[in-house]
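**Q**
Protein chains: 2
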Amino acid sequence: MSRRSTEATRFSLSSQRNRALSIRSSNRSSTGGTTASSHATAGAGGGGHHARKPFSFTSLRGTTQPELSKRLYRLIKSANSLVSAHETAARERVSIATQLSEWGEATGDDAVSDVSDKVGVLLSELGEQEEVYAGRLDESRGVLKVVRNTEKSVQPSRDGKRKIADEIQKVKSKEPQSTRLVTLEQELVRAEAENLVAEAQLGNVTRQKLREAYTVEFLATIERAEKQVILARHGLRLLQLLDDAPVVPGDVRPAYAHASQARQILNDAEDDLREWRLEGLVGDDVKTAAAEEAPAAALSTGTEKGKQREDLTQDAQVVDTGSVAAAADGGDGVSDRI
Amino acid sequence: MSRRSTEATRFSLSSQRNRALSIRSSNRSSTGGTTASSHATAGAGGGGHHARKPFSFTSLRGTTQPELSKRLYRLIKSANSLVSAHETAARERVSIATQLSEWGEATGDDAVSDVSDKVGVLLSELGEQEEVYAGRLDESRGVLKVVRNTEKSVQPSRDGKRKIADEIQKVKSKEPQSTRLVTLEQELVRAEAENLVAEAQLGNVTRQKLREAYTVEFLATIERAEKQVILARHGLRLLQLLDDAPVVPGDVRPAYAHASQARQILNDAEDDLREWRLEGLVGDDVKTAAAEEAPAAALSTGTEKGKQREDLTQDAQVVDTGSVAAAADGGDGVSDRI
Chain A
1 MSRRSTEATR
11 FSLSSQRNRA
21 LSIRSSNRSS
31 TGGTTASSHA
41 TAGAGGGGHH
51 ARKPFSFTSL
61 RGTTQPELSK
71 RLYRLIKSAN
81 SLVSAHETAA
91 RERVSIATQL
101 SEWGEATGDD
111 AVSDVSDKVG
121 VLLSELGEQE
131 EVYAGRLDES
141 RGVLKVVRNT
151 EKSVQPSRDG
161 KRKIADEIQK
171 VKSKEPQSTR
181 LVTLEQELVR
191 AEAENLVAEA
201 QLGNVTRQKL
211 REAYTVEFLA
221 TIERAEKQVI
231 LARHGLRLLQ
241 LLDDAPVVPG
251 DVRPAYAHAS
261 QARQILNDAE
271 DDLREWRLEG
281 LVGDDVKTAA
291 AEEAPAAALS
301 TGTEKGKQRE
311 DLTQDAQVVD
321 TGSVAAAADG
331 GDGVSDRI
Chain B
1 MSRRSTEATR
11 FSLSSQRNRA
21 LSIRSSNRSS
31 TGGTTASSHA
41 TAGAGGGGHH
51 ARKPFSFTSL
61 RGTTQPELSK
71 RLYRLIKSAN
81 SLVSAHETAA
91 RERVSIATQL
101 SEWGEATGDD
111 AVSDVSDKVG
121 VLLSELGEQE
131 EVYAGRLDES
141 RGVLKVVRNT
151 EKSVQPSRDG
161 KRKIADEIQK
171 VKSKEPQSTR
181 LVTLEQELVR
191 AEAENLVAEA
201 QLGNVTRQKL
211 REAYTVEFLA
221 TIERAEKQVI
231 LARHGLRLLQ
241 LLDDAPVVPG
251 DVRPAYAHAS
261 QARQILNDAE
271 DDLREWRLEG
281 LVGDDVKTAA
291 AEEAPAAALS
301 TGTEKGKQRE
311 DLTQDAQVVD
321 TGSVAAAADG
331 GDGVSDRI
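For the protein sequence lines, the chains are A and B, in the order given.
Residues in the first sequence are numbered consecutively from 1, following the UniProt record's numbering.
Residues in the second sequence are numbered consecutively from 1, following the UniProt record's numbering.
1) When the Cβ atoms of the region 252–261 of chain A are set against those of the region 214–227 of chain B, are three or more pairs found closer than 8 angstroms?
2) Mind checking if A:I23 is an interface residue toward chain B, Cβ cutoff 8 angstroms exclusive?
3) Determine whether the beta carbon atoms of A:S101 and B:S178 lie at a separation below 8 angstroms.
4) Mapping the DSSP letters down to three states, classify B:P233 as helix, strand or coil.
5) Decide if B:N149 is buried, meaning its Cβ has at least 16 other Cβ atoms within 10 Å, or exposed.
6) For B:R180, collect the residues of the same chain with a Cβ closer than 8 angstroms to its Cβ; drop the 5 residues on either side in sequence, then sort them by chain order.
7) Provide the residue span of the alpha helix (DSSP H) that contains A:Y256, from first to last.
8) Do the region 243–259 of chain B and the region 216–235 of chain B make contact, defined as three or more Cβ pairs closer than 8 angstroms?
9) What would DSSP say about A:T88, mapped onto helix, strand or coil?
10) Any residues in the region 80–104 of chain A with a beta carbon nearer than 7 angstroms to a beta carbon of chain B? Which ones, in chain order?
11) Secondary structure at A:I265, three-state DSSP: helix, strand or coil?
12) Compare the beta carbon distance of B:V147 and B:T206 with 8 angstroms and say whether it is the shorter of the two.
13) Suppose you measure from the CA of B:R74 to the CA of B:L137; what does that come to, to the nearest Å?
14) Looking at chain E, is there any beta carbon in it that lies within less than 8 angstroms of the beta carbon of A:P176?
15) Under 8 angstroms Cβ-Cβ, which residues of chain B neighbour A:E226?
16) Closer than 7 angstroms by C-beta to B:L82: which residues in its own chain qualify, once you throw out the five before and the five after it? Chain order, please.
17) Rounded to whole angstroms, what is the Cα-Cα separation between A:T113 and A:W103?
18) Assuming contact is defined by CB atoms lying nearer than 8 angstroms, are B:R93 and B:L123 in contact in what I supplied?
19) Going along the region 244–255 of chain A in order, which residues come within less than 7 angstroms of chain B, judged by CB to CB distance?
20) Sort B:G142, B:E167, B:Q129 and B:I96 by Cα distance to A:S140 and report the nearest one.
21) A:W276 to A:G235, Cα distance in whole Å?
22) Since B:K152 and B:I265 should fall inside the 8 angstroms C-beta cutoff, what is the C-beta to C-beta distance between them, to a whole number of angstroms?
23) So with Cβ pairs under 8 angstroms, would you call A:L278 a contact of chain B?
24) Using a Cβ-Cβ cutoff of less than 7 angstroms, which residues in the same chain neighbour A:S157 once the five nearest sequence positions on both sides are dropped?
25) Hey, quick one: how far does the alpha helix (DSSP H) through A:P156 stretch, first residue to last?
26) Go through its chain and collect everything with a Cβ distance to B:E187's Cβ below 6 angstroms, but skip five positions before and after it.
27) Buried or exposed for A:D166, going by 16 or more other Cβ atoms inside 10 Å?
28) Can you name the residues of chain A whose CB is closer than 8 angstroms to the CB of B:Q264?
29) Would you say A:L239 and A:A269 are within 8 angstroms of each other, going by their C-beta atoms?
30) Buried or exposed for B:T107, please, with buried defined as at least 16 other CB atoms from any protein chain shown within 10 angstroms of its CB.
31) Look at the Cβ atom of A:G203, then the Cβ atom of B:D109, and state whether they are nearer than 8 angstroms.
32) Assign residue 339 of chain B to one of two classes, buried (16 or more other C-beta atoms within 10 Å of its C-beta) or exposed (fewer than that).
33) Taking all protein chains shown into account, decide if B:S173 is buried (16 or more other Cβ within 10 angstroms of its Cβ) or exposed.
34) What is the rounded straight-line gap between the Cα of A:L144 and the Cα of B:D243?
35) Any Cβ of chain A within less than 8 angstroms of the Cβ of B:G235?
36) Would B:D79 and B:Y133 be called neighbours here (beta carbons separated by less than 8 angstroms)?
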């Protein structure tokens, strides 16, 4: 009883309307729209690049991370603990179900024996649903790993580009007439083109996979919840069959006469579970994502599509990259560097 | 993805209709109605006592346990692990929510930033609901402890009665004319009267508390489920605001224009949570049990009621006890032993 939460904590979202609109650490300064220059910058298009400030606070925020993928790496680790917790809950639930049934039998009270056994069946199925839920959370976690891996692979491209830019600055200040500058600037253009593609890939993968991962989680949450409601409501019906009016010592308790009703309740629960469908969702693509094979299919299709479009527009990219490089360099010698 | 369960395991209850009607270990022999002579025997009334077989297999089942409360003791321990698992899940969920929001901000993609932050708010509330659920499970566990404690307190009464009966048998076979027999038989009648009350109390407490404990659990399951469905459905709406059409490198992604819609979705979720009520339950007493203070109230009322009725019927008990003792002893010297 000590752990019972108060009404207030249960409705924390309601009572903190203003704060609850964001859960970011409140000790951060309000950066708002100025955060646009971290990891997705290049992916967001050339527009932002014209105002590129490589050493401002906001752009450092992305680059001072040992790895671009550090945050997501930690999140995926926490998600693993979450999956394990639900797996443990599922296992304990199933174990308790059996224990309850066997305890009920040992009481020697026919009514307690039958009701506890049937309640045990429902609890056991509650546990199965918890287990399925854990599996889905793990699936969602797998989808986020695609984003993390992409982040990881984009880091060297970003580092390479910066390294060349730094080298150019160094050479320019020490030996402004060096012939190495031409080579370095050619290298920079190539690195920037490569990075532009990498960042675009990252942006695309991030959006697709974020949406996919949490679609899987929310659908799993709905499925577990709706099925557990079915089980719990039938469980309450079962408990009603247990006459709990106190009996005076020596009095004979009326014989238990609800065995067939109890059996029927389990059959009803079973039928309701079998007939359960995901209903009332917004948009068709959510329903598509609900299909068993959708996550894997979406994965390959998305990547395929991205590749095709990259091939078709490779010429356009080179031009774009040129202008980006020009902007980064202050506009000198654009055309002859390509 | 590896942990994803198949359709078949998810509908295990459906596919095992016959087995699922009971979850007791299948290697047990089918004892059926013959289990009536374990712990609730005396509570079930004098009827069963006429056929008392103190050393039969079925009555040993209850007494070979080191303690009457061993099974429930273990179940309550497992329930503690269950509570902890849900608490861990709640904690990880809230932690992931913050991490997701902060990761989203770091991507520098306005759409990812806003959607991940708002999805984080919903996930955080999902975690809060999980925490409330854990608290309720702990409450239910507390109710079962009342049964366990009663079981514990009934054990000495049962042992005492048996000890005297054993002693009578020993004296009868060794010195059938001993005057100690009269005293021992008086003691036995007193012990049986005391035990009759104890077993009736145990029977009453067992039924009341079993029903109460699982009513609390099922209601908590429904509340968590229905609130999490609200959160998940609004979460799916949020994800729809994230345009995940792939963008070609160098192309500018359309600016994110759904900030106010996203905010509205959170407000909707909040309103829906606030307006949530427990609905469509069978019977009025379930609704009463749902009230915050009901478990504690039912607890004291039940005990009080039981005590009153015991006081009122104390005379009747003595007579009953006498006849029980007479039956147990083969009917000799009933009236002069009291």
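Every residue gets a Cβ at the ideal spot worked out from N, C-alpha and C, and that includes glycine.
All of these numbers come straight from a predicted model, not from anything done at the bench.
**A** Reading from the atomic positions:
1) The region 252–261 of chain A is not in contact with the region 214–227 of chain B.
2) At least one chain B Cβ lies under 8 angstroms of A:I23.
3) Going by C-beta atoms, A:S101 is not nearer than 8 angstroms to B:S178.
4) Checking the sequence, you will find Arg at residue 233 of chain B rather than Pro. Note: B:R233 maps to helix in three-state DSSP.
5) Under this definition B:N149 is an exposed residue.
6) Hits under 8 angstroms: V171.
7) First-last for A:Y256: undefined, no H or E at that position.
8) The answer is no - the region 216–235 of chain B does not touch the region 243–259 of chain B, with fewer than three Cβ pairs under 8 angstroms.
9) Note: A:T88 maps to helix in three-state DSSP.
10) Result list: S81, L82, A85, H86, T88, A89, E92, R93, S95, I96, A97, T98, Q99, L100, S101, E102 and W103.
11) The answer is helix: DSSP assigns A:I265 an H, G or I state.
12) Cβ distance < 8 angstroms, so B:V147 and B:T206 count as in contact.
13) Answer to the nearest angstrom: the Cα atoms are 16 angstroms apart.
14) Reference to chain E is not applicable here, since the protein chains of this structure are A and B.
15) The contacting residues are A225 and V229.
16) Excluding residues up to 5 positions away in sequence, L137 lie with their Cβ nearer than 7 angstroms to the Cβ of B:L82 in the same chain.
17) The question names Thr, but residue 113 of chain A in the sequence shown is Ser. Answer to the nearest angstrom: the Cα atoms are 8 angstroms apart.
18) With contacts defined as CB atoms closer than 8 angstroms, B:R93 and B:L123 qualify as a contacting pair.
19) From the region 244–255 of chain A, only D244, P246, V247, V248, P249, G250, D251, V252 and R253 have a Cβ closer than 7 angstroms to chain B.
20) With distances taken between CA atoms, A:S140 lies nearest to B:I96 out of B:G142, B:E167, B:Q129 and B:I96.
21) Approximately 17 angstroms between the Cα atoms of the pair.
22) With 8 angstroms as the limit, B:K152 and B:I265 do not qualify as a contact, their Cβ atoms being about 52 angstroms apart.
23) For A:L278, the answer is no, since every Cβ of chain B falls outside 8 angstroms of its Cβ.
24) The residues are E194, N195 and A198.
25) D110 to K174 is the span of the alpha helix (DSSP H), which, as asked, contains A:P156.
26) Within the same chain, B:E187 has close Cβ partners I164.
27) Taking every protein chain shown into account, the CB of A:D166 has fewer than 16 other CB atoms within 10 angstroms, so this residue is exposed.
28) What B:Q264 touches in chain A: nothing, since even the nearest Cβ is about 11 angstroms away.
29) Remark: C-beta atoms of A:L239 and A:A269 do not approach each other more closely than 8 angstroms.
30) Buried is the call here.
31) It is a contact, given that the beta carbons lie within the stated cut-off.
32) Limits of chain B in this structure are 1 at one end and 338 at the other, which puts residue 339 of chain B out of reach.
33) The residue is exposed, with fewer than 16 neighbouring Cβ atoms inside 10 Å.
34) Each residue's CA atom was taken as its position, placing A:L144 and B:D243 some 17 angstroms apart.
35) Interface annotation, B:G235: in contact with chain A, CB-CB separation under 8 angstroms.
36) Looking at the sequence shown, residue 79 of chain B is not Asp but Ala. Between B:A79 and B:Y133, the CB-CB gap reaches or exceeds 8 angstroms.
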